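S.K.:
Residue numbers (our numbering): 1 to 248.
#1: Does the separation of the CB atoms of residue 106 and residue 227 fall below 8 Å?
#2: Is the CB-CB distance between residue 134 and residue 145 below 8 Å?
#3: Which of the three DSSP states is assigned to residue 126 in this structure?
#4: Using three-state DSSP, classify residue 90 as helix, strand or coil.
#5: Leaving out the 5 sequence neighbours to the left and right, which residues in its chain are closer than 8 Å to residue 208 when beta-carbon positions are compared?
#6: Near residue 191, what residues of its chain come up, given a Cβ to Cβ distance below 8 Å and the 5 sequence neighbours on each side ignored?
#7: Determine the DSSP secondary structure at residue 230, reduced to helix, strand or coil.
#8: Does DSSP put residue 196 in a helix, in a strand, or in coil?
#9: Please identify the residue among 131, 89, 99 and 164 whose C-alpha is closest to the C-alpha of residue 108.
#10: For residue 147 and residue 136, what's the separation of their Cα atoms in angstroms?
#11: I need the DSSP call for residue 238, collapsed to helix, strand or coil.
#12: Nearest to residue 172 by alpha carbon, out of 160, 151, 203 and 142?
#13: Which value, in whole angstroms, describes the spacing of the CA atoms of residue 219 and residue 225?
#14: Buried or exposed: where does residue 163 fall if 16 or more other Cβ atoms within 10 Å of its Cβ makes it buried?
#15: Going by alpha carbons, who is nearest to residue 75 out of 122, 236, 247 and 159?
#16: Alpha helix (DSSP H) containing residue 176: first to last residue?
#17: Does the Cβ of residue 182 have 16 or more other Cβ atoms within 10 Å, making it buried, or fewer, making it exposed?
#18: Give me the Cα-Cα distance between residue 126 and residue 221, rounded to the nearest whole angstrom.
#19: Per the DSSP calculation, residue 144 is bridged to which residue(s)?
#20: Assuming the contact rule is C-beta atoms closer than 8 Å, residue 212 and residue 231 should be a hit. Round their C-beta distance to whole Å, please.
#21: Identify, in the order they occur along the chain, each residue of the same chain with its Cβ nearer than 8 Å to the Cβ of residue 92, setting aside the five sequence neighbours on each side.
#22: Of all the options 89, 170 and 82, which has the alpha carbon lying nearest to the alpha carbon of residue 102?
#23: In chain order, what residues of the same chain have a beta carbon less than 7 Å from the beta carbon of residue 210, not counting five sequence neighbours either side?
#24: Taking the straight line between their C-alpha atoms, what separation do you get for residue 160 and residue 167?
#25: Residue 187 and residue 165: beta carbons closer than 8 Å?
#26: Which residue or residues does DSSP assign as beta-bridge partners of residue 100?
#27: How many Å lie between residue 113 and residue 100 at the Cα?
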């Protein structure tokens with residue numbers, strides 16, 4: 001259990017960078033002007049009276065548009081059934097034979113939710129968390145793992161996700177090096193999950209002399225950004241892990 005939580009916490013450091021970088025960018029964009037130009041406020045015109053019409057059917061809340069979920073979509077946790085994990089919120093599942101999934105107690109400990117996770121309204125805990133881990137799984141031999149985390153309100157409409165990734169990669173390199181990585185190389189890339197292409201990053205390096213290969217995939221869903229991190233040791237098996245994803 002401690003090994004599960006330790007790996008999850010390593011990924012938390014990198015995930016938090018996107019929110020911090022965006023917050024700084026947003027502060028710069030919202031600074032008040034320095035000139036003393038007067039602002040004239042026009043009296044609003046009265047709204048025209050419209051005839052009463054029958055309400056039209058609203059689109060489903062979880063219908064994606066250009067790969068991005070509606071901002072009002074309610075976050076829902078994924079589920080584990082045997083050797084498969086599925087997330088209707090993300091729209092993907094992954095089947096992993098002979099892997100072990102972290103249980104609710106392990107996820108709660110990684111998120112510092114304690115026993116509340118098992119006794120309280122999970123949506124309330126999620127609403128109070130800016131960053132949280134949603135899933136972690138490890139291969140039977142311990143040579144590969146998958147981690148899914150979310151950053152809430154990590155990007156704003158004025159900043160494209162790709163641009164934000166370009167901004168955080170240098171900081172992410174510093175964070176991984178502080179976590180013990182050496183000979184670290186991080187390159188932006190494109191990753192295809194279930195036929196859909198997303199921006200990601202390939203990360204290679206060593207931890208205590210052991211080769212480490214990682215691939216991160218960034219997916220925006222409304223006010224959330226999901227970080228899917230695939231990790232393998234000694235041998236690069238990332239492509240075979242990506243192939244285990246399927247579209248719901």
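Built from N, CA and C at the ideal position, the CB exists for glycine as well. None of the values given here were measured: they were computed from a predicted structure.
M.R.: For this structure:
#1: To locate residue 106, count along the chain shown from 1; it is residue 106. To locate residue 227, count along the chain shown from 1; it is residue 227. No; because the gap between Cβ atoms is not below 8 Å, this pair is not in contact.
#2: Along the chain shown, read from residue 1 onward, the residue named residue 134 stands at position 134. Along the chain shown, read from residue 1 onward, the residue named residue 145 stands at position 145. No.
#3: Here residue 126 is taken as the residue at index 126 of the chain shown, counted from 1. Reduced to three states, the DSSP call for residue 126 is helix.
#4: By 1-based counting over the chain shown, the position of residue 90 is 90. In the structure shown, residue 90 sits in coil (DSSP, three-state: anything other than H, G, I, E or B).
#5: Here residue 208 refers to the residue found at position 208 when the chain shown is read from its first residue. Answer for residue 208: 180, listed in chain order.
#6: Taking the chain shown and counting its residues from 1, one reaches residue 191 at position 191. Residues 197, 198, 199, 200, 215, 217 and 242 of the same chain have their beta carbon placed closer than 8 Å to that of residue 191, with the five preceding and five following residues left out of the count.
#7: Your numbering for residue 230 matches position 230 in the chain shown. If DSSP states are grouped into helix, strand and coil, residue 230 belongs with the strands.
#8: Position 196 of the chain shown, counted from the first residue, corresponds to residue 196. In the three-state reduction of the DSSP assignment, residue 196 falls in the strand class.
#9: Within the chain shown, numbered from 1, the residue matching residue 108 stands at position 108. Ranking the options by Cα distance to residue 108, first place goes to 131.
#10: Taking the first residue of the chain shown as 1, we reach residue 147 at position 147. Taking the first residue of the chain shown as 1, we reach residue 136 at position 136. Going from the Cα of residue 147 to the Cα of residue 136 covers about 4 Å.
#11: Your numbering for residue 238 matches position 238 in the chain shown. In the three-state reduction of the DSSP assignment, residue 238 falls in the helix class.
#12: One-based indexing of the chain shown puts residue 172 at position 172. Checking every option, the nearest Cα to that of residue 172 belongs to 203.
#13: Locating residue 219 in the chain shown gives position 219, where the first residue counts as 1. Locating residue 225 in the chain shown gives position 225, where the first residue counts as 1. Cα to Cα, residue 219 sits roughly 6 Å from residue 225.
#14: Translated into the one-based positions of the chain shown, residue 163 becomes position 163. Exposed.
#15: Within the chain shown, numbered from 1, the residue matching residue 75 stands at position 75. Of 122, 236, 247 and 159, the residue nearest in Cα terms is 122.
#16: On the chain shown, position 176 is the one that residue 176 refers to. Taken as a continuous stretch (DSSP letters only), the alpha helix (DSSP H) holding residue 176 covers 161 to 178.
#17: On the chain shown, position 182 is the one that residue 182 refers to. Exposed, by the Cβ-count rule.
#18: Working through the chain shown from its first residue, we reach residue 126 at position 126. Working through the chain shown from its first residue, we reach residue 221 at position 221. Each residue's Cα considered, the two are about 15 Å apart.
#19: Position 144 of the chain shown, counting from 1, holds the residue named residue 144. 232, per the DSSP bridge assignment.
#20: As a first step, residue 212 must be located in the chain shown, where it is residue number 212. As a first step, residue 231 must be located in the chain shown, where it is residue number 231. About 7 Å separates the beta carbons of residue 212 and residue 231, which is inside the 8 Å limit, making them a contact pair.
#21: For the purposes of this step, residue 92 is taken as the residue at position 92 of the chain shown. Result list for residue 92: 86, 193, 194, 245, 246, 247 and 248, in chain order.
#22: In the chain shown, counting from the first residue as 1, residue 102 sits at position 102. Nearest option by C-alpha distance: 82.
#23: Here residue 210 refers to the residue found at position 210 when the chain shown is read from its first residue. Same-chain partners within the cutoff: 233 and 234.
#24: Position 160 of the chain shown holds residue 160. Position 167 of the chain shown holds residue 167. The alpha-carbon atoms of residue 160 and residue 167 are separated by roughly 11 Å.
#25: Here residue 187 refers to the residue found at position 187 of the chain shown. Here residue 165 refers to the residue found at position 165 of the chain shown. Against a cut-off of 8 Å, the Cβ pair of residue 165 and residue 187 comes out as no contact.
#26: Working through the chain shown from its first residue, we reach residue 100 at position 100. In DSSP, residue 100 forms a bridge with 138.
#27: The residue given as residue 113 occupies position 113 in the chain shown. The residue given as residue 100 occupies position 100 in the chain shown. So the alpha carbons of these two residues sit roughly 21 Å apart.
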